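Chemist: Okay, here's the structure, questions in a sec.
Protein chains in written order, with our numbering: chain U, 1 to 54; chain G, 55 to 442.
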């Protein structure tokens with residue numbers, strides 16, 4: 001079970017990193033400032049988790 | 055991309071980065087806030103939980119164990135504080151004991167952060183303060199505010215249903231991170247299960263006779279102002295309850311540990327070791343679902359108009375008025391209950407007494423407050439300061 005949990009955790013962090021990259025990509029591509037703010041707000045919890053801060 | 059777009063995106067990105075850095079620093083500081091403990095003259099040894107179970111060694115839950123050995127032999131009492139670090143009286147009581155208590159007979163083992171991982175996080179979306187300060191003559195001492203569950207950074211993912219080991223009982227998924235739902239633990243389980251297993255190893259190896267697990271509860275929870283006792287200790291708990299009402303000026307109930315409710319210390323420690331297990335509950339309005347602002351003041355003063363209103367509607371299992379349940383009252387209830395338990399233990403087991411001195415009772419705490427009994431780490435010998 002311990003190994004399975006570790007495996008799921010690793011996959012989870014890969015997902016978090018991938019979604020964070022997608023958000024940054026969308027932020028760069030967006031032409032709408034409201035969308036850009038939204039991407040940044042959504043990005044913060046992903047980064048906090050990725051850096052193991054919260 | 056136009057130059058204007060680049061400037062706008064850069065400015066917005068910097069704002070986002072600033073929020074990330076500021077919040078990140080705050081979360082990091084919460085997780086790493088040093089909490090000094092000044093070793094009292096009664097402390098004879100400090101060990102680590104990992105000394106009893108190597109798999110815990112070096113992990114976040116490799117907590118300190120403070121040993122207070124009496125001059126004469128007697129029973130061994132283990133006091134667990136910090137099982138649920140969102141219940142601060144449960145941590146402050148063993149803190150006061152480490153810094154003040156002296157044993158004349160028997161042995162006391164004190165734990166201040168039984169689930170250390172849970173001291174490093176607060177409840178998500180709960181708007182909890184990250185710390186609280188107990189005022190003292192020398193300024194004040196700041197403690198980490200914690201949660202009921204281990205930090206998800208240390209144990210994740212949670213299962214859909216938590217199947218308790220070894221009973222097989224289905225419990226709420228999140229309780230796989232609850233130290234008071236994972237007893238007696240599992241050697242190859244999650245870190246919370248391993249922590250319980252390590253404590254069981256400690257109990258067996260040190261031949262602990264009595265275990266007390268310190269808690270606080272919301273007033274809307276029926277198990278409050280009471281001692282929950284394993285079958286082996288129910289008679290003694292009832293005597294303690296009667297003595298408290300008689301001698302200390304406050305009432306405390308006693309109730310039996312349900313046989314079919316698994317994972318709790320008062321049930322599993324008694325079932326899986328020779329020790330008698332008891333759990334003490336004090337009231338903490340901060341935890342009530344109907345509370346108002348979740349502030350440091352509310353946490354320490356225990357005053358809340360909304361909880362009072364809930365009481366007027368008959369929704370509470372403990373009384374509350376405008377005076378609330380201040381931390382000194384909650385800590386005092388626990389210290390006096392511990393002392394009365396020792397005294398009652400001596401009546402039941404006169405050949406294996408526990409005699410402890412220099413511990414403030416309920417009346418002392420009401421008069422002087424909690425901070426009066428905390429020692430200034432800056433004035434202590436650095437060799438006598440340990441960090442939780």
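Cβ atoms here follow ideal geometry from the backbone N, Cα and C, with glycine treated the same way.
All values reported here derive from a predicted model rather than from experimental measurement.
(1) Applying the 10 Å Cβ sphere with the 16-neighbour rule, what's the burial state of residue 64 of chain G?
(2) Quick one: grab the DSSP three-state call for residue 223 of chain G.
(3) I want to see whether chain U comes within less than 9 Å of residue 359 of chain G, judged by CB atoms only; does it?
(4) Tell me, to the nearest whole angstrom, how far the beta carbon of residue 411 of chain G is from that of residue 156 of chain G; I am working on the premise that it is less than 8 Å.
(5) Could you say if the stretch 368–377 of chain G and the stretch 128–138 of chain G meet the contact criterion of at least three C-beta pairs nearer than 8 Å?
(6) Quickly, what does DSSP pair residue 50 of chain G with across the bridge? List them, please.
(7) For the stretch 30–53 of chain U, list every residue whose C-beta sits within 9 Å of some C-beta in chain G, in sequence order.
(8) Residue 218 of chain G to residue 280 of chain G, Cα distance in whole Å?
(9) Spatial neighbours of residue 403 of chain G within its chain, please: C-beta separation below 7 Å, excluding the five flanking residues on both sides.
(10) For residue 112 of chain G, does the three-state DSSP call read helix, strand or coil?
(11) Among all the DSSP beta bridges, which residues are the ones paired with residue 269 of chain G?
(12) Output, in chain order, the set of chain G residues within a Cβ distance shorter than 9 Å of residue 28 of chain U.
(13) Assess contact between the stretch 255–271 of chain G and the stretch 140–153 of chain G, defined as three or more Cβ pairs (one per stretch) separated by less than 8 Å. Is contact present?
(14) So which residues on chain G does residue 18 of chain U lean against when the C-beta distance must stay under 9 Å?
(15) Can you list the residues of chain G that residue 8 of chain U reaches, using a CB-CB cut of under 9 Å?
(16) Counting contacts by CB-CB distance shorter than 9 Å, is residue 25 of chain U in contact with chain G?
(17) Going by DSSP in three states, residue 310 of chain G sits in which element: helix, strand or coil?
(18) Could you give the uninterrupted runs of the alpha helix (DSSP H) lying entirely in the stretch 84–139 of chain G, keeping only those of 4 residues or more?
(19) Using a Cβ-Cβ cutoff of 7 Å, what residues of the stretch 201–233 of chain G are near chain U? List them in chain order.
(20) Opposite residue 411 of chain G in the DSSP bridges: which residues?
(21) At a CB-CB cut-off below 9 Å, which residues of chain U make contact with residue 77 of chain G?
(22) In chain order, what residues of the same chain lie with their CB nearer than 6 Å to the CB of residue 331 of chain G, ignoring the 5 residues before and after it?
(23) Specify whether the stretch 296–307 of chain G and the stretch 228–237 of chain G touch according to this definition: at least 3 beta carbon pairs, one from each stretch, less than 8 Å apart.
(24) Would you check if the distance between the CB atom of residue 54 of chain U and the CB atom of residue 81 of chain G is smaller than 9 Å?
(25) Is residue 426 of chain G helix, strand or coil by DSSP?
(26) Cα separation between residue 173 of chain G and residue 337 of chain G?
(27) For a quick check, are the C-beta atoms of residue 23 of chain U and residue 42 of chain U less than 9 Å apart?
(28) Using a Cβ cut-off of 9 Å, pull out every chain U residue sitting near residue 73 of chain G, in sequence order please.
(29) Please confirm if residue 59 of chain G has its CB atom under 9 Å from at least one CB of chain U.
(30) Classify residue 275 of chain G as helix, strand or coil using the three-state DSSP reduction.
(31) Just verifying my parser: in three-state terms, what is the DSSP assignment at residue 258 of chain G?
(32) Applying a beta-carbon distance threshold of less than 9 Å, which residues of chain U neighbour residue 81 of chain G?
(33) Nearest CA to the CA of residue 159 of chain G: which residue from G/399, G/352, G/432 and G/391?
(34) Can you give me the C-alpha to C-alpha distance between residue 179 of chain G and residue 8 of chain U, rounded to a whole angstrom?
(35) Starting from residue 186 of chain G, trace the beta strand (DSSP E) both ways and give me its first and last residue.
(36) For residue 196 of chain G, name the three-state secondary structure that DSSP assigns.
Modeler: Reading off the structure:
(1) Within the second chain, residue 64 of chain G is the residue found at index 10, counting from 1. Residue 64 of chain G should be labelled exposed.
(2) For the purposes of this step, residue 223 of chain G is taken as the residue at position 169 of the second chain. Residue state, collapsed to three classes: coil.
(3) As a working note, residue 359 of chain G is residue 305 in the second chain. It does not; no Cβ of chain U falls within 9 Å.
(4) For the purposes of this step, residue 411 of chain G is identified with residue 357 of the second chain, where counting begins at 1. For the purposes of this step, residue 156 of chain G is identified with residue 102 of the second chain, where counting begins at 1. Going by Cβ atoms, the distance from residue 411 of chain G to residue 156 of chain G rounds to 5 Å, so yes, they are a contact pair.
(5) no
(6) Past the boundaries of the shown model lies residue 50 of chain G; chain G is included only from 55 to 442, so the question cannot be answered.
(7) 30, 31, 33, 36, 37, 39, 40, 41, 43, 44, 47, 48, 49, 51, 52 and 53
(8) Here residue 218 of chain G refers to the residue found at position 164 when the second chain is read from its first residue. Here residue 280 of chain G refers to the residue found at position 226 when the second chain is read from its first residue. Spanning the two alpha carbons is a distance of roughly 25 Å.
(9) To locate residue 403 of chain G, count along the second chain from 1; it is residue 349. So the list reads 129, once near-sequence residues are dropped.
(10) Indexing the second chain from 1 puts residue 112 of chain G at position 58. Looking at residue 112 of chain G - three-state DSSP - the assignment turns out to be coil, as it is neither helix nor strand.
(11) Residue numbering aside, residue 269 of chain G sits at position 215 when the second chain is read from its first letter. According to DSSP, which records beta bridges pairwise, residue 269 of chain G is partnered with G/335.
(12) As a position in the first chain, residue 28 of chain U is number 28, starting the count at 1. Neighbours of residue 28 of chain U on chain G, chain order: 55 and 63.
(13) yes
(14) Here residue 18 of chain U corresponds to residue number 18 of the first chain, with the count starting at 1. Neighbours of residue 18 of chain U on chain G: none; closest Cβ ~17 Å, over 9 Å.
(15) If you number the first chain from 1, residue 8 of chain U lands on position 8. Simply 210 and 211.
(16) The residue labelled residue 25 of chain U in the question sits at position 25 within the first chain. No, residue 25 of chain U does not count as interfacial toward chain G.
(17) Residue 310 of chain G sits at position 256 when you count from the first residue of the second chain. Of the three classes helix, strand and coil, the one that applies to residue 310 of chain G here is strand, per DSSP.
(18) none
(19) 207, 210 and 211
(20) Here residue 411 of chain G refers to the residue found at position 357 when the second chain is read from its first residue. Answer is G/156, bridged to residue 411 of chain G.
(21) If you number the second chain from 1, residue 77 of chain G lands on position 23. Ordered by position in chain U, the residues that pass the 9 Å Cβ test against residue 77 of chain G are 44, 48, 53 and 54.
(22) In the second chain, residue 331 of chain G corresponds to position 277, counting from 1. Around residue 331 of chain G: 265, 284, 319, 320, 323 and 324.
(23) no
(24) Residue 54 of chain U sits at position 54 when you count from the first residue of the first chain. Residue 81 of chain G sits at position 27 when you count from the first residue of the second chain. Cβ distance < 9 Å, so residue 54 of chain U and residue 81 of chain G count as in contact.
(25) Counting from one through the second chain, the residue named residue 426 of chain G turns up at place 372. Residue 426 of chain G: helix per DSSP, three-state reduction.
(26) Locating residue 173 of chain G in the second chain gives position 119, counting from the first residue. Locating residue 337 of chain G in the second chain gives position 283, counting from the first residue. When rounded, the distance between both Cα atoms is 20 Å.
(27) Here residue 23 of chain U refers to the residue found at position 23 when the first chain is read from its first residue. Here residue 42 of chain U refers to the residue found at position 42 when the first chain is read from its first residue. Yes, they are a contact pair.
(28) Taking the first residue of the second chain as position 1, residue 73 of chain G is located at position 19. Neighbours of residue 73 of chain G on chain U, chain order: 40, 41 and 44.
(29) Your numbering for residue 59 of chain G matches position 5 in the second chain. For residue 59 of chain G, the answer is yes, since a Cβ of chain U falls inside 9 Å of its Cβ.
(30) Position 221 of the second chain, counted from the start, is the residue given in the question as residue 275 of chain G. Residue 275 of chain G: coil per DSSP, three-state reduction.
(31) Counted from its first residue, the second chain places residue 258 of chain G at position 204. The answer is helix: DSSP assigns residue 258 of chain G an H, G or I state.
(32) Mapped onto the second chain, residue 81 of chain G falls at position 27. Result: 48, 53 and 54.
(33) The residue you call residue 159 of chain G lines up with position 105 of the second chain. It is G/399.
(34) Position 125 of the second chain, counted from the first residue, corresponds to residue 179 of chain G. Position 8 of the first chain, counted from the first residue, corresponds to residue 8 of chain U. The straight-line gap from Cα to Cα measures roughly 24 Å.
(35) On the second chain, position 132 is the one that residue 186 of chain G refers to. Residue 186 of chain G -> beta strand (DSSP E) spans 185–190.
(36) On the second chain, residue 196 of chain G is found 142 positions in, with the first residue counted as 1. Looking at residue 196 of chain G - three-state DSSP - the assignment turns out to be strand.
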